[in-house]
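Chemist:
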Amino acid sequence: MILWWVLLAILVVYFLPLAIARHRRRPMNKAARAEAPGKFAKLPSGRTYYEWHGPLNGPIAVCIHGLTTPSYVWRAVENGLKMMDYRVLTYDLYGRGYSARALGRQNADFFITQLEELLEDQGIDGGIMLLGYSMGGAIATCYAAKHPDMLERMILIAPAGLGIKSNRFQDFVVKTPVIGDWIMRVFGGHMIRKAVKAESSIPSEIPDIYDRQIADTYVRGFLPAVLSSLRNILSKPLDEEHRKIAKTGLPVAAIWGEEDKVIPLAGLGKLTKLNRNVRQTMVKGASHSLAYTYPKDVIKAIQEFLREV
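Numbering-wise, UniProt numbering puts 81 at position 81 of the sequence shown, and it's gapless, one number per residue.
So, in structure tokens, the structure goes:
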């Protein structure tokens, strides 16, 4: 009898926090998507939210966001690209923003498939300037290694795949099955909100970005998606992919934050060894949030790159 009570207590301790956490989070359903300003593509892998900005006949720039902040993270850089007459496509990765909570291991193939299907849906068959920020840089790298013929150039901003700094919480949930999933679902939102609040004193060119980042942690499916990405695409070094890209001669630029505490600046030197033709820029004083806290410097680096290629 005592054993049954012990087992019941264990089940309550395990499932009750999960139920409470789920209750506090809103579903990404039809009602939630009704507020979206952009459009949706019904792709074979799942519904994908996207937006087009800029002149209809401009050259195409496709922007891939990072691990936790959806496509609105590009708003400031996107404005600079529009001023350069680019037609800019941004979209939400699966598990983030308004896109589907698609099932599957979030590895390189998972994200490449989403991008392949979206480009086909939008009738894009080449001539792309591909931009990737943070984890989006890893996705862009993997896509470029597979489809260099689709691209005219690639720009990586604080790209993952060349080294990443992690904390004890992240290390534990990534390396520990089941218990790690439980901890991520129960405490992961708190940890992300804590990190956002720690950076919220940094002036941003996107006024509401910190509030939106916090709100995203209260949407169902977000935390499992983040954990899956940490365990898959972000756990793999991309040395071989960069070597493949170097052999194709694709013009590549990389932009780094001097004070980045997520993607170490040592990645700059590593990338140089893998692809000596990459144009590298370091933004002084910038943290990992450089896409929205130092967008003018990012755009300046892009403009200088475009003048050279």
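Backbone N, C-alpha and C fix where the C-beta goes; we use that ideal spot for every residue, glycine too. Please read all numbers here as calculations on a predicted model, not as lab measurements.
Pick helix, strand or coil for I157, following the three-state DSSP scheme.
Modeler: If DSSP states are grouped into helix, strand and coil, I157 belongs with the strands.
Chemist: By the DSSP assignment, the beta strand (DSSP E) with E51 in it spans what residues?
Modeler: Its beta strand (DSSP E) spans residues 46-53.
Chemist: Taking the C-alpha atoms as reference points, what is the distance between G269 and Y72?
Modeler: So the two alpha carbons sit approximately 30 Å from each other.
Chemist: Going by beta carbon distance, what residues of the same chain come within less than 6 Å of V278, once the five residues before and after it are set aside?
Modeler: Answer for V278: V252, A254, L271, listed in chain order.
Chemist: Buried or exposed: V88, going by 16 or more other Cβ atoms within 10 Å of its Cβ?
Modeler: Classification for V88: buried.
Chemist: Among all the DSSP beta bridges, which residues are the ones paired with R279?
Modeler: Looking at the DSSP assignment, R279 forms a beta bridge with A253.
Chemist: Output the distance between the C-alpha atoms of L290 and P177, rounded to the nearest integer angstrom.
Modeler: C-alpha separation (whole angstroms): 33 Å.
Chemist: Using the three-state DSSP reduction, which class does E90 fall into: helix, strand or coil?
Modeler: For the sequence presented, residue 90 should be read as Thr rather than Glu. Of the three classes helix, strand and coil, the one that applies to T90 here is strand, per DSSP.
Chemist: Run through the segment 104-135 for me and flag every whole beta strand (DSSP E) of 3 or more residues, listed as ranges in chain order.
Modeler: Counting only runs of 3 or more, we get 128-133.
Chemist: If A61 sits next to Y86, beta carbons under 8 Å apart, how far is it from one beta carbon to the other, in whole angstroms?
Modeler: That belief holds up - the Cβ atoms of A61 and Y86 are roughly 4 Å apart, short of 8 Å.
Chemist: What did DSSP end up calling K236 once you bin it into helix, strand or coil?
Modeler: Correct three-state label for K236: coil.
Chemist: Is L115 buried or exposed, if buried means 16 or more other CB atoms sit within 10 Å of its CB?
Modeler: Classification of L115: buried, given that the 10 Å Cβ count is 16 or more.
Chemist: Identify whether A198 lies in helix, strand or coil by the three-state DSSP scheme.
Modeler: Note: A198 maps to helix in three-state DSSP.
Chemist: Could you say which of I157, M129, S45 lies nearest to D149 if we only look at CA atoms?
Modeler: That would be M129, whose Cα lies nearest to the Cα of D149.
Chemist: Exposed or buried, what is K194 when buried is set at 16 or more other beta-carbons lying within 10 Å of its beta-carbon?
Modeler: Under this definition K194 is an exposed residue.
Chemist: Reducing DSSP to helix, strand and coil, say where L162 ends up.
Modeler: Reduced to three states, the DSSP call for L162 is coil.
Chemist: If you count every other CB in all the chains shown that lies within 10 Å of the CB of Q303, and 16 or more means buried, which is it?
Modeler: Exposed is the call here.
Chemist: Do you know whose CA, among A108, G123, I124, V174, lies nearest A160's CA?
Modeler: It is A108 whose Cα lies nearest to the Cα of A160.
Chemist: Does the structure place the segment 42-58 close enough to the segment 260-268 that three or more beta carbon pairs sit under 8 Å?
Modeler: They do not touch, by the three-pair rule.
Chemist: Which whole-angstrom value is the C-beta distance of R220 and R26, which I expect to be below 8 Å?
Modeler: Going by Cβ atoms, the distance from R220 to R26 rounds to 7 Å, so yes, they are a contact pair.
Chemist: Over what stretch of residues does the alpha helix (DSSP H) that includes I60 continue unbroken?
Modeler: Note, I60: premise wrong, no alpha helix (DSSP H); beta strand (DSSP E) at 60-64.
Chemist: If we count the other Cβ atoms within 10 Å of its Cβ and call it buried at 16 or more, is L234 buried or exposed?
Modeler: Counting Cβ neighbours within 10 Å, L234 comes out buried, since at least 16 surround it.
Chemist: With distances taken from CA atoms, which of A144, G188, T90 is nearest L230?
Modeler: Of the candidates A144, G188, T90, the one whose C-alpha sits nearest the C-alpha of L230 is G188.
Chemist: Taking DSSP as the reference, what is the three-state secondary structure of F305?
Modeler: Of the three classes helix, strand and coil, the one that applies to F305 here is helix, per DSSP.
Chemist: Look up E152 in the DSSP assignment and say whether it is helix, strand or coil.
Modeler: In the structure shown, E152 sits in a strand (DSSP, three-state: E or B).
Chemist: What residue does the alpha helix (DSSP H) around L290 start on, and which one ends it?
Modeler: Looking at the DSSP string, the run of the alpha helix (DSSP H) that includes L290 is 290-293.
Chemist: Which two residues bound the contiguous alpha helix (DSSP H) that contains K175?
Modeler: 168-175 is the extent of the alpha helix (DSSP H) around K175.
Chemist: On the CB-based measure, 16 or more other CB atoms within 10 Å of its CB, does G54 come out buried or exposed?
Modeler: Buried.
Chemist: Looking at I202: is its Cβ nearer than 8 Å to the Cβ of R75?
Modeler: No.
Chemist: Have a look at the DSSP bridge pairing and note the partners of R26.
Modeler: In DSSP, R26 forms a bridge with V219.
Chemist: Report yes or no: do the segment 126-142 and the segment 153-171 share at least 3 C-beta pairs separated by less than 8 Å?
Modeler: A contact exists between the segment 126-142 and the segment 153-171.
Chemist: To the nearest whole angstrom, what separates the beta carbons of L67 and V226, a pair I think is in contact under 8 Å?
Modeler: Yes, L67 and V226 are in contact; Cβ-Cβ is about 6 Å, under 8 Å.
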